[in-house]
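Chains as they are written, first to last, in the numbering used here: chain D, 2 to 315; chain U, 2 to 315. Every residue, glycine too, gets a C-beta built ideally from N, C-alpha and C.
Laid out in structure tokens, this is it:
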């Protein structure tokens with residue numbers, strides 16, 4: 002069963018005291034370039050710098066007390082780790098985060114700053130899973146998956162819900178897709194709260210599992226995903242794929258060059274910092290410019306966590 | 002005579018239909034680090050990416066028609082050139098901009114995109130002045146000085162006016178100082194509209210003419226100004242220095258390293274893009290942390306125009 006409208010409404014009420022209700026911005030230059038009316042939902046201004054805080058917080062706040070007291074755990078080197086760590090801190094729970102030993106120091110420090118316990122492991126999926134299991138066995142902590150979890154999806158769905166509350170008559174909305182938590186949440190919110198809005202996804206060509214799966218009708222993972230959009234390397238799960246198949250119109254793939262160009266445009270013209278993954282929907286809009294021309298649409302800027310010492314601009 | 006309260010109020014009414022009334026943002030992390038309550042006035046979100054548009058626009062809109070018809074001129078490779086070019090375009094006037102031949106291409110393109118005529122000259126003050134005179138002789142265009150002009154100062158004063166309308170009970174406000182247009186405007190707005198607010202300036206050590214002049218009681222130029230804060234290389238004029246001497250509490254100098262650290266903090270935690278000059282007031286706040294501790298204060302983020310291919314982060 003997909004999360005219901007009521008579950009998304011409840012999730013929003015639950016997390017609203019703790020999240021930033023992020024602004025929706027417009028930019029004249031980008032409207033001229035795209036020949037659209039574009040509303041940018043700025044989750045780069047969300048706490049921890051990305052939408053992931055919403056889902057992690059909703060999942061944690063749903064845990065029964067008896068279970069929550071042993072803490073929560075996940076493996077991630079990205080925004081989910083920070084989101085879970087802060088959500089745990091707010092709920093006075095312990096967060097156990099497994100990170101690859103080569104994780105960027107800035108990300109390790111961010112997770113640590115929220116008081117989480119960090120466990121390093123070798124940088125491969127198997128080592129991560131083994132380490133996580135070991136941590137769970139030792140602590141009794143509950144694993145909170147970054148996207149394969151209905152409470153997480155309901156939490157991410159609040160991004161779309163806020164967009165539809167802020168903007169009426171949207172003809173389309175474009176979200177990035179990695180594991181599909183944000184995209185499936187967005188699709189559900191459109192379905193329930195703005196059924197006239199068509200939902201599209203932007204996906205990097207170098208990690209186009211959602212695109213391939215969408216067209217094949219079954220999950221087709223990408224062997225070695227490779228893209229600058231480091232938040233979108235993961236593969237959709239059965240849970241997110243089902244929602245995407247039911248409620249998403251199309252998935253538009255873009256190259257890393259197109260992602261960097263759109264990222265640079267947002268930095269230069271909007272003067273806000275977004276991460277490569279967040280630039281994917283705008284790149285998708287440019288890719289299908291003729292199709293979207295004249296439309297009123299929303300784009301989700303999913304996050305703003307970048308390593309300033311290692312930027313893709315020249 | 003300094004610009005009066007009425008002149009600033011009139012300037013604001015005049016330019017308000019064309020400018021962005023920029024937001025005032027707060028950031029919990031920076032409040033914790035500074036142990037202050039800091040309100041950031043985001044002129045990086047102003048049109049052309051900097052406050053300079055306000056002063057240039059006010060000056061142009063004050064010109065008698067008979068004079069305006071021959072256009073306006075200035076020499077600048079920075080934000081004033083863009084501000085004057087856009088202000089002229091809005092008023093359907095010709096802007097003639099003298100730029101050094103080594104000006105960054107991105108700035109030349111920005112000025113050109115507003116329809117201004119560009120004249121290149123050698124990269125020294127004398128060549129600039131000569132070229133500007135030649136252009137004025139040929140066109141009859143009116144020179145609009147970047148800061149030594151009461152209409153420009155009144156225009157820049159609207160930044161402070163908006164701050165005092167948005168935030169009450171401010172104990173201090175910190176602006177950057179280069180030629181002193183923004184600082185003197187801010188000081189006048191505080192004097193008229195929020196007399197309980199004390200005005201401070203941040204200035205780069207490598208271009209500390211305002212600091213030296215302030216303490217000597219007369220203008221002391223810096224021979225070879227050298228700082229990453231490229232908007233603050235100029236020396237105060239008699240006009241701005243008089244206002245600064247009358248209404249500014251103190252000038253706090255900071256090193257380039259301190260500027261870069263504050264710039265990075267704003268980028269990382271606020272996810273907004275500011276230029277080095279805009280980071281100077283925050284660096285000044287950190288420099289005098291003990292003094293400002295516990296205060297409610299405003300900081301002017303003066304602009305966000307940076308060359309993304311040449312950033313000071315490592």
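Does the pairing of the stretch 11-22 of chain U with the stretch 269-286 of chain U give three or more beta-carbon distances under 8 angstroms?
no
CB contact below 9 angstroms: residue 301/U versus chain D
As a working note, residue 301/U is residue 300 in the second chain. Not closer than 9 angstroms to any Cβ of chain D, the Cβ of residue 301/U fails to qualify, so no.
Quick check on the DSSP output: the beta strand (DSSP E) that includes residue 101/D runs from which residue to which?
Start at 1 with the first residue of the first chain, and residue 101/D comes out as number 100. Taken as a continuous stretch (DSSP letters only), the beta strand (DSSP E) holding residue 101/D covers 96-101.
Where residue 314/U meets chain D, residues with beta-carbon distance less than 7 angstroms:
By 1-based counting over the second chain, the position of residue 314/U is 313. Neighbours of residue 314/U on chain D, chain order: 309, 310.
Of all the CB atoms in chain U, is at least one closer than 9 angstroms to the CB of residue 116/D?
Working through the first chain from its first residue, we reach residue 116/D at position 115. No, its Cβ sits nowhere closer than 9 angstroms to a Cβ of chain U.
Look up residue 297/U in the DSSP assignment and give the residues it is bridged to.
In the second chain, the residue the question calls residue 297/U occupies position 296. The partner list for residue 297/U (beta bridge, DSSP) reads 38/U.
Are the stretch 116-127 of chain U and the stretch 146-154 of chain U in contact at 8 angstroms, needing three or more beta carbon pairs?
no
Cβ pair residue 273/U, residue 298/U closer than 9 angstroms
As a working note, residue 273/U is residue 272 in the second chain. As a working note, residue 298/U is residue 297 in the second chain. For residue 273/U and residue 298/U, no; Cβs fall outside 9 angstroms.
Residues of chain U with CB closer than 9 angstroms to the CB of residue 274/D, please, in chain order.
For this step, residue 274/D is matched to residue 273 along the first chain. What residue 274/D touches in chain U: 268, 269, 271, 272, 273, 274.
Ordered along the chain, which non-local residues of its own chain (more than five positions away) have a Cβ less than 8 angstroms from that of residue 248/D?
Walking along the first chain from the start, residue 248/D turns up at place 247. Answer for residue 248/D: 185, 188, 189, 191, 192, 200, listed in chain order.
Between residue 85/U and residue 98/U, how many whole angstroms is the CB-CB distance? I'm expecting something under 8 angstroms.
Position 84 of the second chain holds residue 85/U. Position 97 of the second chain holds residue 98/U. So it is a contact: roughly 7 angstroms between Cβ atoms.
If you measure from the beta carbon of residue 265/D to each beta carbon in chain U, is any gap under 9 angstroms?
For the purposes of this step, residue 265/D is taken as residue 264 along the first chain, with counting starting at 1. Cβ-Cβ to chain U under 9 angstroms: yes for residue 265/D.
If distances are taken between C-alpha atoms only, which option among 165/D, 119/D, 225/D comes closest to residue 24/D?
For the purposes of this step, residue 24/D is taken as residue 23 along the first chain, with counting starting at 1. The option with the nearest alpha carbon to residue 24/D is 165/D.
One or two residues paired with residue 76/D in a DSSP bridge:
On the first chain, residue 76/D is found 75 positions in, with the first residue counted as 1. 99/D, per the DSSP bridge assignment.
Contact set between residue 305/D and chain U, taken where Cβ atoms lie within less than 8 angstroms
Position 304 of the first chain, counted from the start, is the residue given in the question as residue 305/D. Within 8 angstroms Cβ-Cβ: 272.
I'd like to know if the stretch 302-314 of chain U and the stretch 308-315 of chain D are in contact, where contact means that at least 3 CB-CB pairs between them fall below 8 angstroms.
yes
Counting only Cβ-Cβ distances shorter than 8 angstroms, please list the residues of the stretch 46-77 of chain D near chain U, keeping chain order.
46, 50
Helix, strand or coil at residue 105/D [DSSP, three-state]:
Residue 105/D sits at position 104 when you count from the first residue of the first chain. In this structure, residue 105/D counts as coil in the three-state DSSP scheme.
Determine whether the Cβ of residue 101/D lies closer than 9 angstroms to any Cβ atom of chain A.
The displayed structure is made up of protein chains D and U, and chain A is not among them.
Mark residue 93/U as exposed unless 16 or more other C-beta atoms lie within 10 angstroms of its C-beta, in which case mark it buried.
Mapped onto the second chain, residue 93/U falls at position 92. When all chains shown are included, residue 93/U counts as exposed.
Compare the C-alpha of residue 26/D against each of 218/D, 44/D, 36/D, 9/D and name the closest.
As a working mapping, residue 26/D is identified with position 25 in the first chain. Comparing Cα positions, the closest option is 44/D.
With H, G and I counted as helix, E and B as strand and the rest as coil, what does DSSP make of residue 144/U?
Along the second chain, read from residue 1 onward, the residue named residue 144/U stands at position 143. Of the three classes helix, strand and coil, the one that applies to residue 144/U here is strand, per DSSP.
Buried or exposed, going by whether 16 or more other CB atoms sit within 10 Å of the CB of residue 67/D?
Counting from 1 along the first chain, the entry for residue 67/D is found at position 66. Exposed, by the Cβ-count rule.
Pull up the DSSP beta-bridge partners for residue 215/D, would you.
The residue labelled residue 215/D in the question sits at position 214 within the first chain. Partner(s): none; residue 215/D has no beta bridge.
Beta strand (DSSP E) containing residue 391/U: first to last residue?
Only positions 2 to 315 of chain U appear in the structure, and residue 391/U is not among them; the question remains open.
Residue 312/U (DSSP reduced to helix, strand or coil)
Translated into the one-based positions of the second chain, residue 312/U becomes position 311. Residue 312/U falls in the coil class under three-state DSSP.
I'd like to check one pair, residue 217/U with residue 253/U: are the Cβ atoms closer than 9 angstroms?
Looking up residue 253/U in the second chain gives position 252. Looking up residue 217/U in the second chain gives position 216. No.
How would you label residue 141/U, buried or exposed, when you count the other beta carbons within 10 angstroms and need 16 or more for buried?
In the second chain, the residue the question calls residue 141/U occupies position 140. Classification for residue 141/U: exposed.
Which word fits residue 100/D, buried or exposed, when buried means at least 16 other C-beta atoms lie within 10 angstroms of its C-beta?
Translated into the one-based positions of the first chain, residue 100/D becomes position 99. Buried, since its Cβ has 16 or more Cβ neighbours within 10 Å.
Among the candidates 242/D, 232/D, 197/D, whose CA atom is the shortest distance from the CA of residue 213/D?
Indexing the first chain from 1 puts residue 213/D at position 212. If we check each option's Cα against that of residue 213/D, 242/D comes out closest.
Quick one: grab the DSSP three-state call for residue 1/D.
There is simply no residue 1/D to check, as chain D begins at 2 and stops at 315 in what is shown.
So for residue 135/D, helix, strand or coil by DSSP?
Indexing the first chain from 1 puts residue 135/D at position 134. Correct three-state label for residue 135/D: helix.
For residue 304/U, three-class secondary structure by DSSP:
As a first step, residue 304/U must be located in the second chain, where it is residue number 303. The answer is strand: DSSP assigns residue 304/U an E or B state.
Determine the direct distance from the alpha carbon of residue 232/D to that of residue 118/D, and round the result to whole angstroms.
Counting from one through the first chain, the residue named residue 118/D turns up at place 117. Counting from one through the first chain, the residue named residue 232/D turns up at place 231. Linking residue 118/D to residue 232/D through their CA atoms gives a straight-line distance of about 22 angstroms.
Every unbroken beta strand (DSSP E) inside the stretch 214-299 of chain D [3 residues or more]:
251-255, all fully within the stretch 214-299 of chain D.
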